[in-house]
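Residue numbers (full-length UniProt numbering): 1 to 72.
Next comes the structure, spelled out in structure tokens:
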């Protein structure tokens, strides 16, 4: 499973929304929106900013699962 697919999967199994992830990214200083995040996770957007969003999203989900005890 690719990183992008893993992010979608982890959001789903933890019952988290794109809006939640976008809010968490904003708290880390990364501005994005629903359509952009959707395109990133679908693989239709690429580049350095996309790589940063993917890396931060994984870090956020790791943190969430450690704190809340979610499924990984």
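Glycine is no exception: its CB is placed at the ideal position from the N, C-alpha and C atoms. From a predicted model like this one, the values you see are computed outputs, not experimental measurements.
If the criterion is Cβ atoms closer than 8 Å, does the pair residue 21 and residue 57 meet it? Contact: yes.
Spatial neighbours of residue 74 within its chain, please: CB distance less than 8 Å, with the 5 preceding and 5 following residues excluded, ordered by chain position. Nothing can be reported for residue 74: it is not among the residues displayed for the chain, which extend from 1 to 72.
Presumed contact (8 Å Cβ cut-off) between residue 60 and residue 4, rounded CB distance: Not quite, the Cβ-Cβ distance comes to about 14 Å (not below 8 Å), so this is no contact.
Is residue 17 helix, strand or coil when you go by DSSP? Residue state, collapsed to three classes: coil.
Chain-order list of residues whose beta-carbon lies under 7 Å from that of residue 43 (same chain, five-residue window excluded): Cβ within range, chain order: 4.
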